[in-house]
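J.:
In the numbering used here, the protein residues as written are 95 to 587.
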């Protein structure tokens, strides 16, 4: 029986462990975090998983609990592989590695069905990916499925499945290096003088990118990125990338790029598990976003939120003070996601734009007069003749503005008015290890490094500049299962 060591503790790592154990391997998972902080970035997510599906019959394979009443009430639509390809290609400027993209997309539904067979439960992503229009719940943006209980529920479920299958999980186990042996690797654990070694026939690296390492962020992402807040775990400091490079691995992908979003201005340095991903503020397509100078700086309606949110964090970081404010009026208040209603939120409310601007200015640096003038310009530019529809790119835009709004433009004219302070929250980094479609880590000459595999956020080459929402957990599961299966049969590939 081969011994597979999986380094990491999130979705990709646990899926790899389950898959390797399924194929008969003896599996040890090394989770750097203590038990209370386990789960990597996966535990901080909403649990959304983008997948190909042909219609409700495919969704019922994942969610057999769907009732006839739910099916009649919802318009789930379909998400064919061609559309997934188009979305991934479009948002990454067609730089995504075609072999990785093909494996991700063509295996997405199969892997989610496998997870369901193992005991992971899914449900429709009602709260964040649908709106009710004319009595019908319409899903939009290509993301329809979430794990039961969100990211935390997914980690709990995968942990339970792994343990019941015989996987050993060690918490507080910090892997710091790899050393090649004739039969695989020795994994170096801990620090001297307590350091010890664990022999492995194969190793799967699934311990995240370098987003929690401010020095690496400034080095690779550029000036100012050391000031960004981290949405998730504090333990993703680039260890897996460094360990692999030390044994000859090649790096790959968009090292100057990352997934970064609008995050509450006063959120802590790292994610808080009791809040999860609710510090994010992603309903900006239904309002406007202004900087401290009172000026808009992005097209809030350029595309569905799924296809802009991961790059707009960078835009916020580039603004004065690395912050911005999202403004809404009463007409769209019912469309705001639940994250706007949490207790820990930076918010201002007023019955006029003038009063709102003054309130923001009193609490935070803001050019109140410029903000009032900006709202007036925006209101005058809105195309009110085009109907507003939040479930499609409705073409209701603006005319004549230096920074247009392409869809979902509404005048801010109905009190009360609300403003939410946001900054940049980094989720994960795009640059990582060179990995092929079999999840094998590649050396500088392009050949696979024997017995070394990788999955999850440290895989480079999938995302460039941007990211289609809900793809991360799916990619982690697809390449996690691939890595685990192949690690269990090292020497046969």
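No residue lacks a Cβ here, since even glycine has one placed at the ideal position from N, Cα and C.
Could you tell me whether the region 376–392 touches the region 327–345, using the rule of 3 or more Cβ pairs below 8 Å?
T.: Judged by Cβ distances under 8 Å, the region 376–392 makes no contact with the region 327–345, as fewer than three pairs qualify.
J.: Going by DSSP, what residues sit across from residue 263 in a beta bridge?
T.: Counted from its first residue, the chain shown places residue 263 at position 169. Residue 263 pairs with 123.
J.: So, is the C-beta of residue 480 closer than 8 Å to a C-beta in chain D?
T.: This model lacks chain D altogether, as it is built from one protein chain only.
J.: Give the DSSP-derived three-state secondary structure of residue 374 in the structure shown.
T.: Mapped onto the chain shown, residue 374 falls at position 280. Reduced to three states, the DSSP call for residue 374 is strand.
J.: Could you say which of 467, 261, 193, 297 lies nearest to residue 98 if we only look at CA atoms?
T.: In the chain shown, residue 98 corresponds to position 4, counting from 1. The shortest Cα separation from residue 98 among 467, 261, 193, 297 belongs to 297.
J.: Quick one: Cα of residue 150 to Cα of residue 446, how far?
T.: In the chain shown, counting from the first residue as 1, residue 150 sits at position 56. In the chain shown, counting from the first residue as 1, residue 446 sits at position 352. Going by the C-alpha atoms only, they are around 45 Å apart.
J.: Please state the DSSP three-state secondary structure of residue 515.
T.: Here the question's residue 515 lines up with position 421 in the chain shown. In this structure, residue 515 counts as strand in the three-state DSSP scheme.
J.: Any contact of the region 468–485 with the region 534–545, i.e. 3+ C-beta pairs under 8 Å?
T.: no
J.: Counting only the same chain and skipping the five closest in sequence on each side, list residues whose C-beta sits under 6 Å from that of residue 197.
T.: Here residue 197 is taken as the residue at index 103 of the chain shown, counted from 1. Contacts found: 531.
J.: Using a threshold of 8 Å, state whether the C-beta atoms of residue 476 and residue 403 are closer than that.
T.: For the purposes of this step, residue 476 is identified with residue 382 of the chain shown, where counting begins at 1. For the purposes of this step, residue 403 is identified with residue 309 of the chain shown, where counting begins at 1. Their beta carbons are not under 8 Å apart, which means residue 476 does not touch residue 403 by this criterion.
J.: For residue 551, which of 135, 156, 120 has the nearest alpha-carbon?
T.: For the purposes of this step, residue 551 is taken as the residue at position 457 of the chain shown. Comparing Cα-Cα distances from residue 551 to each of 135, 156, 120, the minimum goes to 135.
J.: Please identify the residue among 310, 504, 574, 184 whose C-alpha is closest to the C-alpha of residue 492.
T.: Locating residue 492 in the chain shown gives position 398, counting from the first residue. Closest by alpha carbon: 504.
J.: Under 8 Å between the Cβ atoms of residue 567 and residue 105?
T.: To locate residue 567, count along the chain shown from 1; it is residue 473. To locate residue 105, count along the chain shown from 1; it is residue 11. For residue 567 and residue 105, yes; Cβs fall inside 8 Å.
J.: How would you write the range of the alpha helix (DSSP H) that residue 536 sits in, first residue to last?
T.: For the purposes of this step, residue 536 is taken as residue 442 along the chain shown, with counting starting at 1. Counting along the chain, residue 536 falls outside any alpha helix (DSSP H), though it belongs to the beta strand (DSSP E) covering 534–536.
J.: Alpha carbon to alpha carbon, how far is residue 260 from residue 120?
T.: Start at 1 with the first residue of the chain shown, and residue 260 comes out as number 166. Start at 1 with the first residue of the chain shown, and residue 120 comes out as number 26. Straight-line Cα distance between these residues: approximately 8 Å.
J.: Do the region 558–567 and the region 323–335 make contact, defined as three or more Cβ pairs closer than 8 Å?
T.: no
J.: For residue 578, count neighbouring Cβ atoms within 10 angstroms of its own Cβ and tell me buried if that reaches 16, exposed if not.
T.: For the purposes of this step, residue 578 is taken as the residue at position 484 of the chain shown. That one is buried.
J.: To test your reading of the DSSP string, which unbroken alpha helix (DSSP H) runs of 4 or more residues are found completely within the region 99–123?
T.: 105–116
J.: Buried or exposed for residue 228, going by 16 or more other Cβ atoms inside 10 Å?
T.: Position 134 of the chain shown, counting from 1, holds the residue named residue 228. It is exposed - the Cβ of residue 228 has fewer than 16 other Cβ atoms within 10 Å.
J.: Measuring CB to CB, does residue 511 end up less than 8 Å from residue 443?
T.: What you label residue 511 is simply residue 417 of the chain shown in a count that begins at 1. What you label residue 443 is simply residue 349 of the chain shown in a count that begins at 1. Against a cut-off of 8 Å, the Cβ pair of residue 443 and residue 511 comes out as a contact.
J.: Among residues of its own chain, excluding the 5 on either side of residue 266, which ones have a beta-carbon nearer than 6 Å to its beta-carbon?
T.: Indexing the chain shown from 1 puts residue 266 at position 172. Excluding the 5 residues flanking it on each side, residue 266 has same chain C-beta neighbours closer than 6 Å at 128, in chain order.
J.: If the criterion is Cβ atoms closer than 8 Å, does the pair residue 419 and residue 454 meet it?
T.: Position 325 of the chain shown, counted from the start, is the residue given in the question as residue 419. Position 360 of the chain shown, counted from the start, is the residue given in the question as residue 454. It is a contact, given that the beta carbons lie within the stated cut-off.
J.: For the beta strand (DSSP E) containing residue 420, list its first residue and its last residue.
T.: Translated into positions along the chain shown, residue 420 becomes position 326. Element bounds for residue 420: 417–422.
J.: What residue range is occupied by the uninterrupted beta strand (DSSP E) comprising residue 479?
T.: To locate residue 479, count along the chain shown from 1; it is residue 385. Taken as a continuous stretch (DSSP letters only), residue 479 belongs to no beta strand (DSSP E), as it is neither H nor E.
J.: In three-state DSSP terms, what is residue 146?
T.: Position 52 of the chain shown holds residue 146. Residue 146: coil per DSSP, three-state reduction.
J.: Assuming residue 282 contacts residue 333 under a Cβ cut-off of 8 Å, what Cβ separation, rounded to an integer in Å, is found between them?
T.: For the purposes of this step, residue 282 is identified with residue 188 of the chain shown, where counting begins at 1. For the purposes of this step, residue 333 is identified with residue 239 of the chain shown, where counting begins at 1. Contact flag wrong, Cβ pair sits at about 11 Å.
J.: Give the range of the beta strand (DSSP E) segment to which residue 234 is assigned.
T.: Position 140 of the chain shown, counted from the first residue, corresponds to residue 234. That residue, residue 234, is in no beta strand (DSSP E); it is neither H nor E in DSSP.
J.: Which of the three DSSP states is assigned to residue 163 in this structure?
T.: Taking the chain shown and counting its residues from 1, one reaches residue 163 at position 69. Note: residue 163 maps to helix in three-state DSSP.
J.: From what residue to what residue does the alpha helix (DSSP H) around residue 436 run?
T.: Within the chain shown, numbered from 1, the residue matching residue 436 stands at position 342. Here residue 436 belongs to no alpha helix (DSSP H), and DSSP marks it neither H nor E.
J.: Looking only at its own chain, which residues have a Cβ that is under 7 Å from the Cβ of residue 207, when we skip the five neighbours before and after it?
T.: The count along the chain shown starts at 1 and reaches residue 207 at position 113. Same-chain partners within the cutoff: 155, 156.
J.: Have a look at 369, 451, 555 and flag the residue whose alpha-carbon is nearest the alpha-carbon of residue 383.
T.: Counting from one through the chain shown, the residue named residue 383 turns up at place 289. Taking only the C-alpha atoms, the option nearest residue 383 is 451.
J.: Provide the residue span of the alpha helix (DSSP H) that contains residue 578, from first to last.
T.: Position 484 of the chain shown holds residue 578. That run of the alpha helix (DSSP H) goes 565–581.
J.: Where are the alpha helix (DSSP H) runs, 4 residues long or more, that stay fully inside the region 329–357, in chain order?
T.: Considered as a whole, the region 329–357 harbours 333–340 as its complete alpha helix (DSSP H) runs of no fewer than 4 residues, in chain order.
J.: Rounded to the nearest angstrom, how far is the Cβ of residue 376 from that of residue 399, given a contact under 8 Å?
T.: To locate residue 376, count along the chain shown from 1; it is residue 282. To locate residue 399, count along the chain shown from 1; it is residue 305. At roughly 5 Å, the Cβ-Cβ gap stays under 8 Å, so residue 376 and residue 399 are in contact.
J.: What are the start and end residues of the alpha helix (DSSP H) that includes residue 183?
T.: The count along the chain shown starts at 1 and reaches residue 183 at position 89. That run of the alpha helix (DSSP H) goes 175–185.
J.: Where DSSP assigns a beta bridge to residue 274, which residues make up the other side?
T.: Taking the chain shown and counting its residues from 1, one reaches residue 274 at position 180. Residue 274 pairs with 279.
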